[in-house]
Structure formats: structure tokens, C-alpha cells
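Input: a single structure, listed below in C-alpha cells.
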Amino acid sequence: MKKIIALLIAIMMLATLAACTKDEGPASPSTSASASTSPSASDAPSASASTPASTESSTQASASPEGSAPAGPTDPSVNANSIGFFFDDVDPHSRRTYDIVWAYMRPMALFLNIHDAMVELEDVLNFKLTGYCANSDIDAMLQNIEIFADQGVDGYIIVIDATANMRIKEVLDETGLPYIGILNSVRDSNGSEIVPLIGMEGFTIGHMMTQWLYDNYKKYWGDIDTSKIGMLNYTFSPNIDFHERHLGNIEKFNELLPGNGDLIFPADGVSGALDEQTGYDLASAIFAGHPEVEYWFVPSCLELYAFAASRAAETLNMEDRVLITTANSDVLSAQWDNGYDGCFVSCIATHALQYAAPALSGLVSLINGTSTFDTLWSTIRNPRDLYTYFEMDVEILTIDTYKAFFDRVRAESGL
Amino acid sequence: MGAAERVKNFLKSKTFTLLCILVAIMAFFWYFSANHSFLSVRNITSILYSMVLFILFSIGVSLLVIFGEFDLSPGYVGTAAGATLATILSGTGIPWFLVMLICLLLGIVFGLINAVLVNKFRVQSFIATLAVGSFLAKGFSYIISGGRAIAIDHPVIDWLASYKLWDVVPVTVIISVALILVYGIVLAKTQFGRSIYLCGGNKEAARLAGLDPKKLSYLLFANSGMLGAMAGVLFASRLKSGNLDGTNSYSFPAVTAVIFGGISFGGGSGNMVGCFLGLLIINAFNNGLTIMRVSPNWTGVASGALLILALTLDYLSNRRVRRQIGGKTS
């Protein structure tokens, strides 16, 4: 009896697996099977008339991420539109379908939205996307990068976790495949960016958030005594990008309210996790423990923390004395869609397409061989960086402006 | 016992059931993977590599579960050991072998704290180890590292992370397989191993038979802590950093593998072969899901189905034993 039940459950499990595999539509084995781990010259498209003559040699160069710039191609991204989308000189439909992996550490709204935006671009750029979430297991991510390479994928778009970024870069380099980072910078000891990356520069974002809170507090609180304004300043210190946002906030706050330095209260999520509960615990303790602060600026490095702070303010009946803003807009825009109008009042706008479009056009051009790590976005590179940190064009949104922003980005994406 | 009887017993055993499941999973993924790459040497190595940390955690937990106790702390202890390794290696001139020894001793200390709570204060092992792991060991990781991931740049750690025998088999795979083999032999063939089973079956009876269950408990908790620390050191070497999330989340999958491998929650039964097969099935299954490009949203469901399968088998097996005992007594 035991064997029969075990066998039945095993069969059911395998049948379910087969069904869900079919639903999710993995890249067709015939396609990926034909793909070599390093794109060879023959994989390159025969190209349209305008394809540079050096495409084949540059393709070879791109097989090594550290490959030097080919003689022929210049930066194909100079023709990028306002959200960073560009075509290189290769017709996507004249070549085989590329097999691209989107890998990230945690199932967060931002990453899931980026996944959906990437899927929208599948037909436009002729690739098949595999989404992979490591569920916070870095070791599993390292192993699966290798497994995907063995399966013949063409390249990665990846959130390189800050706590093991050098090791992740090392493993990516070992695969010999091109990759582009999203969100987290990877810098050497001199502060030079060593991975092509799409993101938001931390200090700038910190300055923007605090400046916005200062410029707009009168609209919400009227003409108040500014000496009573304090700041609950979130960070997640192991992540250098998040922490730079935090430092940028402090710098700007001290500049705008020089006498209020004692009213800055850091809230470091390292004591918990990158989740809402951690944000709530920190905010409720700080709000409740400092009655000397009458008005609170809350600039957050992470949307979930910002949302948690709004819940804490609501619970403590201080919504009319708290102003919250954050980087990224996936959580708040969804809340606004559902009618939210609390003290979480603004966010730095990022449409998922702003991450997906430049990352995919860049990766496809790396796979095509029309650019290398060195030439990609070279015209906009900060001189201190080895490879380009592609800074997204961001602005601060409120409930009155967010829909127009998302409509504009979508219109400019060409979708 | 004749050969026919032995074959008959084997066909009735949990090991045979596990082998059947393993073969079914292997065959399925082999057939459906691109170019049948699931059973390529590289991928099999990859599966074994993914088992390394779980093997270390599972050995310690297995012995305790057979003994009739439970340990949820080794994942956190591993993180603490990894953070300690990174902090000391990067900030002092202490030789690497001493640093590793300190890490193992740290694991033993956490294990002994567990044992004291269980034996002296009569705290249930589930609660005691959860508290020691998720508060003491986790807090220790943050304190010693200052709340930062600390990079490790050391040739021995590089070697540990990347050396492959014949350019194929990672050295950590060899270490872990050797360990489970040694522990398997100790458990099955020695007086010490038999005393673990005896205590797991009935502690009072074991005490009356002249054994010292408390002493054994101290040994097994310390051993589990040490193996957790060893896993943490290997994890830190793989990442080349002392990571604050580290191996925290590894305890439950290790317990899943232990139960899946036929080691009963009730204590007194199970072996290292089952534990190894359980780990192999779970890791091969996860590897196959990745190869098949199954959405990560589904992998959790699939792993849950595996756990349910394990618990169902455990329940059915226990019921059969209870019925047999009931039949004999009546």
C-alpha cells in the first residue's frame, strides 16, 4: 500500500511539473541546444546592408566580457531614446532567438515588474526570457548561473547581490557570457564601476528625496517651526547603493536644516531583512521613542520600508505629521491605483521599462557583437568607471503626476 | 538470512522506495532536458556540489533526530562561523588553520548551549535550538561583523572554494561525501552508533541498560554545532565573504532531507544512506527544475510536494510498524 501511494504521489508530482513547465514555456530545446556558450561568428546574423563589416570579429570579442574594444564598432547606444532603448545594426529577426536569463535575489515587486517589462520586449528584440529568483540563497544563485551557462543561454541580466558581488561577478566572468547588472553597483577598491549597470546613483537619489520633502512640506503641514522637523532615515547598510541614498539624505538634510542634526535617526534594516516587517518595527520604535520630534521626514532607500513607515504612522495616529518618500515607484503606484492617499506621498519614479529596455538592448548588442563591455554606453561613462553605470532619468512623482509619467514612458518605449 | 530473504527485505525497505523515486526523477529530467544534459558529468557534479552544505547540516541533524531530539540552529551557527572566519581572517594575522579551529569551536559552544538548555533547563529542543540559532547565533554574526558583509581574500579559502580533483570534482564534495561515509559507518557499525538508536527508541530503557543519554545528548548537540560551523566556513569560502544571511535558511531544507531520507521524527530509526538519498533526490529535483526553466514561483510548490511526499511516507511507515507491534502484543 505504502509503495502504491508513494508511486501515485510521485506520478502526480511529475505530471504537475510537466504541466507547469509547459505553461511557463521554457526556451525550446532545439533553440537553446544550438546555442554555444560563447556566441560564435556563425551565430552572428548575416546582417542587413548596414551591418558593420567588423560584426564577426566584434562578436568574438564580446564572447569575453573583458574583451577589448573591437576596431570597428562604436557605441551603438548613442541612438538610444529617452528611456535607453536602442537597436544596434542587427535586425533581431534575421538571427536566431537569443536565450536570456533574468536573475534576481528576492521576489520583490520591482523585480517582478521588470520581468513583465522584459517579456513585453521579447518579440521586439527576438529573445526568450527565463526568469530566475534565488529566494535569498546566494549559493543557489551562483550554482544556477553555471547551470544556465551549461544549458546554452546567451547572456544574463542580473541583480548582483551586494553582499557577495565580487564572487558573483567572478562566476559570471567564468561563464564567458555577456551580462548586465541592474540596481546594485559593483565597484573595485578605487570606486570604479566594473560591471555594465543600469541604476540610480545613490547620493543623487538621497539628495533628491530630502530636497523634495523640504520643498513640499508646507503644502502638507503649513508654516511650521522647522526646528521641530526630524528625519527617520532608512538604510540597509550591507548594500552600498542603499547606504549611499541614506548618506545623501543626511548630507542634504544638514544642508537644508543645519540646526536639526540631532534629529536625524538612522533606521538600518540590517537588523532584520529587506521586508515590510523590519521597516515597521524600526519606524514604530523610532516614532514612539522620540516625542521631541513633531514633524518627520522619512526618505527611504527601499519601497517596502517606506510603506511600513506609513503603516507605523497610521497605527500611532501621526499621519498628519509624517511625510514619506522613497526610491522606486512600484509599490506606491499600485497603492495609488487602489485609492491610497496617506502620508506616503511621493516616490522617485521608475517604470520597469526604464530598467528593462536599456538592459536588454545593451545585452543583445553584446551578444550580437556590435558592442563590448568597453564600448557599450561609452559616450556617457563617468571617467572614474571601467564600465558604464547607466543612470536612469528619474523624477519625483506624486498622486497627481504618476499616471502621466507612466503613460509617457510607455509611449517612448515604442511598445 | 538467505539471499532471497535479504532481497525481499530490501524491496520492502525505505531505501528501495527512495531509490525508485530517485530513478523516476532522474529518468524524467534526463528525458526532458535539452540534449539529455541532466545526466552529463558536469551536471551530476553540479548536483553533488549543491548538496555539500546540506550534507554537513543533515549529518548533525540526523544523529539528533535518531536520538530523539531536534536541532534548528546549525544554519545560524554556520552564518556565525562564516562571519567569524571573514572577520578574523581580514582583520588579524592569525594563521588560517587557527581561525578555522576557532570557528569549529564556536560551533561546538553553540551546540553545548543547546544541550544545556535541553538537559538542565528541560526546554524542548525545538524551542531551545530555535532560540539559540535565531537570536544568539544570528546576533553574534551581526556583532562580530559589525553588520557588514566582509570580503575574504585568502589563498587557502580560494583553494577551498575552487579546487577540483581531476578538474572535475570540487574538493568540498569530497570532504562532504567522506564525512557522511564516516558518520554512516560509525552509526551503523559501532557501539556508539547503536547507543544513539537505543536512546532514540526509549531513553529510559537506555538509561536502565547502562547508557548515559544526557552525555550522549551533549556530544550530539556539540557535533551538530561543529558540523554547522564547518558548513558555514565552506559557505563563506564559496562566496569569498562572511555574509549576514549566510546559511540561516538552510536548516529547514536540511531537516526536510533528513525526514525525506526516512529518519523518523519519533527517533530510533533511519540511517545515513537514506539521508544521502533524500538529499540527492531533493537537490536533483531542484537542479532539474532549473534546467527545465520552471518558474521560480512553481519551484516552491514542487518542493512542498516533495516534503508532503516525505511526511506521507514517514506516517505510513510508522503506522505499519505500530500495527505490527500491536498485532504481536495482542
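Read top to bottom, the protein sequences are chains G and V. Here the first sequence is numbered in the working numbering, starting from 1 and rising by one per residue. Here the second sequence is numbered in the working numbering, starting from 416 and rising by one per residue. Glycine residues also receive a C-beta, built at the ideal position from the N, C-alpha and C atoms.
Residues bridged to residue i (per DSSP)
i: G/M318; result: Per DSSP, none; premise fails for G/M318.
i: G/W102; result: G/G131 and G/I157
i: G/D416; result: Any answer about residue 416 of chain G is impossible in this case: the structure gives chain G only from 1 up to 415.
i: G/G181; result: G/I158 and G/L197
i: V/S656; result: V/A566
i: G/R187; result: G/E193
i: G/G230; result: G/W296
i: G/E391; result: G/G199
i: V/K579; result: V/P585
Contacting residues, own chain, Cβ-Cβ under 6 Å from residue i (five flanking each side not counted)
i: G/L386; result: S192 and I194
i: V/P585; result: Y464 and K579
i: G/V186; result: I160, N165, K169, I194 and V195
i: G/Q354; result: I83 and M392
i: G/Y98; result: F127, D154 and I367
i: V/S560; result: A498, T502 and G657
i: G/S333; result: Y402
i: G/V437; result: For chain G, the structure presents residues 1 to 415; residue 437 of chain G sits outside this window and is missing.
i: V/L635; result: L478, L479 and F482
i: V/W445; result: H451, F453 and L454
i: V/I462; result: N698, A699 and N702
i: V/C518; result: A496, T499, L500, A644 and V648
Residue from the options whose Cα sits closest to the Cα of residue i
i: V/G657; options: V/M687, V/A418, V/L500 and V/A449; result: V/L500
i: V/K604; options: V/M687, V/I440 and V/L726; result: V/M687
i: G/G248; options: G/F406, G/L112 and G/M209; result: G/M209
i: V/I542; options: V/N529, V/K535 and V/G554; result: V/N529
i: V/V592; options: V/D582, V/I474 and V/G640; result: V/I474
i: G/I399; options: G/R384, G/D341, G/R381 and G/H351; result: G/D341
i: G/G259; options: G/W212, G/T226, G/D281 and G/A308; result: G/T226
i: V/G661; options: G/E412, G/G206, G/A273 and G/Y305; result: G/A273
i: G/V298; options: G/I250, G/W336 and G/V331; result: G/I250
i: G/V171; options: V/D568, V/V588, V/V571 and V/R653; result: V/R653
i: G/G152; options: G/F265, G/S136 and G/L129; result: G/L129
i: G/H207; options: G/I396, G/A404 and G/A411; result: G/I396
i: G/I205; options: G/L304, G/C347, G/A306 and G/D137; result: G/C347
i: G/G202; options: G/D241, G/D262 and G/L257; result: G/D241
i: G/T325; options: G/L197, G/M231 and G/F86; result: G/M231
7 Å CB neighbourhood of residue i in its chain, flanking five on each side removed
i: G/I224; result: Y295
i: G/G131; result: W102 and H115
i: G/A356; result: I114, A117, M118 and L121
i: V/I749; result: A query on residue 749 of chain V cannot be resolved here, the shown segment of chain V reaching from 416 to 745 and no further.
i: G/A313; result: F287, E319, V322 and C343
Reduced DSSP secondary structure (H/G/I, E/B, other) of residue i
i: G/T204; result: helix
i: V/R737; result: helix
i: G/S347; result: Note on identity: in this sequence residue 347 of chain G is Cys, with Ser being the wrong assignment. If DSSP states are grouped into helix, strand and coil, G/C347 belongs with the strands.
i: G/R384; result: coil
i: V/G608; result: helix
i: G/F297; result: strand
i: G/T97; result: coil
i: G/T325; result: strand
i: V/G522; result: helix
i: V/G417; result: coil
i: V/G615; result: helix
i: G/T398; result: strand
i: G/D215; result: helix
i: V/T484; result: Residue identity differs from the one stated: residue 484 of chain V is Glu in this sequence, not Thr. Of the three classes helix, strand and coil, the one that applies to V/E484 here is coil, per DSSP.
i: G/F85; result: coil
i: V/M645; result: helix
i: V/F431; result: helix
i: G/N254; result: helix
i: G/Q151; result: coil
i: V/S666; result: helix
i: V/I572; result: helix
i: G/N126; result: coil
i: G/D341; result: coil
i: G/D281; result: helix
i: G/L302; result: coil
Residues near residue i by beta carbon distance below 8 Å, same chain, minus five either side
i: G/S42; result: Residue placement at G/S42 cannot be trusted, given a pLDDT of 35 that sits under 50; the coordinates are not used to answer.
i: V/N701; result: S465, T714 and S718
Contact the segment 215-223 of chain G vs the segment 174-181 of chain G: 3+ CB pairs below 8 Å: no
Three CB pairs or more closer than 8 Å across the segment 510-525 of chain V and the segment 634-647 of chain V: yes
Contact the segment 621-633 of chain V vs the segment 670-682 of chain V: 3+ CB pairs below 8 Å: no
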